[in-house]
Amino acid sequence: MKKLAALLICAAAMASCFAAGPTFTVDASRSAGKVSPKLYGLMTEEINHSYDGGLYAELIQNRAFLDDTAMPIHWSVLNDGDAAATIALDPTNSFNDKLTNSLRLTVTKAAKHHSAGIANSGYWGIPVRPKQSYRASILARAESNCSCLVTVSIVSDDGRTVYATGKFSGLTTDWKRFEVTLKTGRVAPTAKARFVITLDQPGTVWFGMVSLFPPTWNDQPNGFRRDLMQMLVDLNPKFLRFPGGNYVEGDTVETRFEWKKTIGPIEERHGHPSPWGYRSTDGLGLLEFLAWCEDLKAEPVLAVYAGYSLKGAHVNPGPDLEPFVREALEEIEYVTGDVSTTWGAQRAKDGHPAPFKLTHVEIGNEDWFDKSKSYDERFAQFYDAIKSRYPQLKIISTIGNDQPESSHVHSRKPDMTDEHYYRSVDTFWHLAPEYARNYDRTGPEIFVGEWAAYETSFPPWDKRSEQEPPAPDLRAALGDGVFMAAMERNSDLIQMQCYAPLFVNVNPGGRQWRPDMIGYDALSAYGSPSYYAFQMFSRNLGDEILPTASTQTAVQGCATRDSQTGEIILKLVNPQAAAETLKIEIKGMASVAFKARAITLAGNPDDSNSITQPGRIVPVPTTVGGIKPDFSYTLPPHSIVVLKLKAR
Ligand code: AHR
Numbered sequence: 036m037k038k039l040a041a042l043l044i045c046a047a048a049m050a051s052c053f054a055a056g057p058t059f060t061v062d063a064s065r066s067a068g069k070v071s072p073k074l075y076g077l078m079t080e081e082i083n084h085s086y087d088g089g090l091y092a093e094l095i096q097n098r099a100f101l102d103d104t105a106m107p108i109h110w111s112v113l114n115d116g117d118a119a120a121t122i123a124l125d126p127t128n129s130f131n132d133k134l135t136n137s138l139r140l141t142v143t144k145a146a147k148h149h150s151a152g153i154a155n156s157g158y159w160g161i162p163v164r165p166k167q168s169y170r171a172s173i174l175a176r177a178e179s180n181c182s183c184l185v186t187v188s189i190v191s192d193d194g195r196t197v198y199a200t201g202k203f204s205g206l207t208t209d210w211k212r213f214e215v216t217l218k219t220g221r222v223a224p225t226a227k228a229r230f231v232i233t234l235d236q237p238g239t240v241w242f243g244m245v246s247l248f249p250p251t252w253n254d255q256p257n258g259f260r261r262d263l264m265q266m267l268v269d270l271n272p273k274f275l276r277f278p279g280g281n282y283v284e285g286d287t288v289e290t291r292f293e294w295k296k297t298i299g300p301i302e303e304r305h306g307h308p309s310p311w312g313y314r315s316t317d318g319l320g321l322l323e324f325l326a327w328c329e330d331l332k333a334e335p336v337l338a339v340y341a342g343y344s345l346k347g348a349h350v351n352p353g354p355d356l357e358p359f360v361r362e363a364l365e366e367i368e369y370v371t372g373d374v375s376t377t378w379g380a381q382r383a384k385d386g387h388p389a390p391f392k393l394t395h396v397e398i399g400n401e402d403w404f405d406k407s408k409s410y411d412e413r414f415a416q417f418y419d420a421i422k423s424r425y426p427q428l429k430i431i432s433t434i435g436n437d438q439p440e441s442s443h444v445h446s447r448k449p450d451m452t453d454e455h456y457y458r459s460v461d462t463f464w465h466l467a468p469e470y471a472r473n474y475d476r477t478g479p480e481i482f483v484g485e486w487a488a489y490e491t492s493f494p495p496w497d498k499r500s501e502q503e504p505p506a507p508d509l510r511a512a513l514g515d516g517v518f519m520a521a522m523e524r525n526s527d528l529i530q531m532q533c534y535a536p537l538f539v540n541v542n543p544g545g546r547q548w549r550p551d552m553i554g555y556d557a558l559s560a561y562g563s564p565s566y567y568a569f570q571m572f573s574r575n576l577g578d579e580i581l582p583t584a585s586t587q588t589a590v591q592g593c594a595t596r597d598s599q600t601g602e603i604i605l606k607l608v609n610p611q612a613a614a615e616t617l618k619i620e621i622k623g624m625a626s627v628a629f630k631a632r633a634i635t636l637a638g639n640p641d642d643s644n645s646i647t648q649p650g651r652i653v654p655v656p657t658t659v660g661g662i663k664p665d666f667s668y669t670l671p672p673h674s675i676v677v678l679k680l681k682a683r
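Remember, the working numbering sits 35 above the position in the sequence shown when you count from 1.
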């Protein structure tokens with residue numbers, strides 16, 4: 036009898052052993068914490084022509100002739116055929132003390148069928164689309180009052196096709212603004228075009244600023260490119276971290292992001308050199324960042340300059356730092372103050388009377404690079420000043436768990452730390468399962484303010500990255516997937532996270548960093564596989580974390596539940612070259628709807644998307660049947676799968 040019982044137990048054990056196989060278990064009987072409602076957001080700075088030549092819809096490159104003091108780069112003279120003209124930079128004849136240069140055009144001979152004037156090549160071309168209205172705005176004056184007719188046009192690079200044209204007259208010796216609307220007809224889209232201004236008579240004209248905008252998002256003046264904004268809206272971001280990144284710090288104290296110089300009319304903005312090797316117009320300035328948040332229905336996470344710049348200079352804590360602390364307090368007042376405050380009134384004057392909601396302020400960026408080790412003291416000075424005026428604000432330190440404990444801020448308890456993870460796909464696979472598991476839950480909250488998986492054998496800052504395509508491939512997206520799953524499992528502590536960089540202009544010379552989430556040229560844009568992985572995660576999220584466990588599988592994942600509807604959202608990442616059939620057990624869920632929604636991102640791991648092939652790796656939604664609290668599901672090779680299980 037005993038023998039029989041032993042045999043039966045053994046057989047049962049073997050059956051369960053054979054039946055087990057790869058298993059992924061979700062414990063729906065309890066919640067492991069609340070999912071941060073702000074978990075998914077965006078990080079942005081001027082890098083890779085993110086704004087100028089990117090989101091900021093201005094089409095004229097070097098619109099104020101300040102990009103190079105020696106020559107009018109991106110501009111050329113038109114003096115074909117019988118026409119004769121010359122151009123030169125002329126700082127002695129500038130529009131004001133902000134636009135400190137001008138372009139002088141001298142036409143000595145105008146000819147009926149030949150152009151005498153100037154042309155701008157745009158940001159790697161001027162995008163021409165059918166039935167489109169463009170607004171040109173030109174600050175100009177002439178040597179003497181002039182009856183000449185000025186023609187502004189969008190013209191093909193070879194000069195043969197005029198896509199849109201308009202005219203103005205009335206040039207005088209005083210600076211004036213001229214506005215012209217240009218409309219295209221039924222043309223085929225192209226970016227092989229230039230913006231051209233010609234004169235019909237000899238004369239000398241100075242240009243202080245030449246601007247051209249296509250239709251913008253919500254038709255806002257000085258606004259954003261529509262296609263890129265739509266791609267951001269589709270990510271459902273809850274916050275926007277700006278303005279950096281390195282961009283907030285600048286190479287030097289003088290070239291930091293000095294917010295006061297980025298507000299007001301665009302002709303009052305001088306612009307500044309960015310640390311990424313090109314000059315910023317500051318056309319996308321502080322108020323535009325805030326409007327951008329408003330458009331996305333996302334909250335600003337405002338990074339303030341904190342007295343450290345990239346080439347190593349730091350401002351001593353104490354009296355030397357005081358002006359910078361004041362600058363930050365005034366910036367916060369500009370964002371949040373009502374119109375009775377000095378800077379709230381300035382914001383109203385700039386066109387936005389209503390204050391913006393602000394909950395998080397970050398003090399600097401990656402201050403572990405500061406060799407003087409002054410961050411603790413600098414942080415404390417900012418922290419005390421901000422907290423005494425705005426006790427409700429959460430203050431973020433830029434040094435956290437990814438850096439040695441000795442470098443952390445100790446003199447104050449930051450509300451949150453910003454931790455950056457640029458890691459190889461393999462590194463993410465190894466660190467993800469245990470990530471944050473043992474972090475101190477009573478310590479500061481965590482903001483993973485920059486992260487990305489790279490699929491190369493070298494890191495993003497290696498020179499060899501320049502030879503790689505800007506968008507990461509599917510393999511990198513799988514690395515992103517496991518890290519996002521890890522952050523989601525720990526999102527009681529990881530309150531916010533954002534991939535970086537967000538944008539890249541894919542033209543030669545447009546990029547300083549890879550991998551990047553969204554690529555574009557003048558005419559088109561595409562999401563990388565990482566973009567779609569992020570979208571799958573950010574758009575499918577519950578509010579309760581459910582504990583998960585797995586056995587006999589390389590698959591990693593996470594699960595959340597929507598407490599309102601009872602829906603369980605499972606995210607699974609299969610790194611393997613083979614399909615994986617998983618036994619999925621939902622413990623503590625009595626019944627589940629027979630059909631579920633599945634969203635799958637899969638393909639050849641070396642494949643990616645590009646301008647010419649934007650849809651190679653994209654998520655595919657399907658409906659699947661056979662769902663029970665205990666069911667089998669086959670994940671395709673190299674895939675990320677979101678399964679949405681409805682309660683019944
Ligand atoms: O995202 C690119 C750069 O990486 C950021 O500007 C900086 O913060 C980080 O080192």
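C-beta: ideal position from N, C-alpha, C; glycine also.
Open item on the list: Could you compute how far the alpha carbon of A63 sits from the alpha carbon of A584?
Closed with: 12 Å
- [ ] For P536, verify whether its CB is less than 8 Å away from any heavy atom of the ligand AHR.
- [x] yes
Open item on the list: Only counting the same chain, and skipping five residues up and downstream in sequence, which positions put a Cβ closer than 8 Å to that of G623?
Closed with: D62, A63, S64, R65
Open item on the list: Nearest by alpha-carbon distance to R413: which of N83, I430, E602, G56 is it?
Closed with: I430
- [ ] Could you tell me the boundaries of the alpha helix (DSSP H) in which N281 lies?
- [x] 281-284
Open item on the list: Counting C-beta neighbours from all protein chains within 10 Å, is the total for D497 16 or more, i.e. buried, or is it exposed?
Closed with: exposed
Open item on the list: Count Cβ pairs between the stretch 339-353 and the stretch 312-329 that sit closer than 8 Å; are there 3 or more?
Closed with: no
- [ ] Using the Cα positions of N155 and S111, report the straight-line distance between them to the nearest angstrom.
- [x] Rounded to the nearest angstrom, the two C-alpha atoms are 7 Å apart.
Open item on the list: Restricting to Cα atoms, I'd like to know which of S626, L174, D103 is closest to S129.
Closed with: L174
Open item on the list: Measuring only the C-alpha atoms, how far is E397 from L337?
Closed with: 6 Å
Open item on the list: Quick check on DSSP: helix, strand or coil for Q611?
Closed with: If DSSP states are grouped into helix, strand and coil, Q611 belongs with coil.
Task: Runs of beta strand (DSSP E) lying entirely within the stretch 348-436, each at least 3 residues, in chain order - done: Runs found: 395-398, 429-432.
Task: DSSP state of K144 mapped onto helix, strand, coil - done: strand
Open item on the list: To the nearest angstrom, how far is the alpha carbon of G562 from that of H148?
Closed with: 44 Å
Task: Three-state secondary structure (DSSP) of D317 - done: coil
Open item on the list: Let's see if you can read the secondary structure: which residues bound the beta strand (DSSP E) around A151?
Closed with: First-last of the beta strand (DSSP E) with A151: 151-155.
Open item on the list: Determine, for D551, whether the minimum Cβ-Cβ distance to residues of chain C falls below 9 Å.
Closed with: Absent here is chain C; the protein component of the structure consists of one chain.
Task: Outcome for H109 when other beta-carbon atoms lying within 10 angstroms are tallied against a minimum of 16 - done: buried
TODO: List the DSSP bridge partners of L90.
DONE: In DSSP, L90 forms no bridge with anything.
Task: Reference A521, options W241, P308, D578, A467, closest by Cα - done: The shortest Cα separation from A521 among W241, P308, D578, A467 belongs to A467.
TODO: Give the secondary structure of T586 by DSSP, where H, G and I count as helix, E and B as strand, and everything else as coil.
DONE: strand
Open item on the list: On a Cα-Cα basis, can you pick out the residue from S409, I232, R176, Y91 that is closest to F248?
Closed with: Y91
Open item on the list: I need the boundaries of the beta strand (DSSP E) containing W548, first residue and last residue.
Closed with: Counting along the chain, W548 falls outside any beta strand (DSSP E), and DSSP gives it neither H nor E.
Open item on the list: Check whether the stretch 658-677 and the stretch 634-647 are in contact - that is, three or more C-beta pairs closer than 8 Å.
Closed with: yes
Task: Cα-Cα separation between P310 and Q591, rounded to whole angstroms - done: 38 Å
- [ ] List in chain order: all unbroken alpha helix (DSSP H) runs of 4+ residues lying wholly within the stretch 474-557.
- [x] Runs found: 509-524.
Open item on the list: Quick check on this structure: which residue in F629, N542, S150, P250 has the alpha carbon closest to the alpha carbon of K681?
Closed with: Checked all of F629, N542, S150, P250; the closest Cα to K681 is F629.
TODO: Would you mind stating whether H455 and G484 have Cβ atoms separated by less than 9 Å?
DONE: With respect to the 9 Å criterion, H455 and G484 are classified as neighbours on the basis of their beta carbons.
Open item on the list: Among the candidates W252, P582, T219, E503, whose CA atom is the shortest distance from the CA of T200?
Closed with: Relative to the Cα of T200, the nearest Cα in the group W252, P582, T219, E503 belongs to T219.
Task: Residue range of the unbroken alpha helix (DSSP H) whose run includes Y567 - done: 564-573
Open item on the list: I'd like to confirm something about N281: is its beta-carbon nearer than 8 Å to some heavy atom of the ligand AHR, or not?
Closed with: yes
Task: T79, buried or exposed, once every other Cβ within 10 Å from all chains shown has been counted against 16 - done: buried
Open item on the list: Checking the sheet assignment: what are the DSSP bridge partners for S168?
Closed with: In the DSSP output, where bridge partners are listed per residue, S168 has K218.
Open item on the list: Once DSSP output is grouped into helix, strand and coil, what is the label at H307?
Closed with: In the structure shown, H307 sits in a strand (DSSP, three-state: E or B).
Task: Limits of the alpha helix (DSSP H) - the one that L466 falls within - done: 460-466
Open item on the list: Give me the residue from E366, T647, F274 with the minimum Cα distance to Y340.
Closed with: E366
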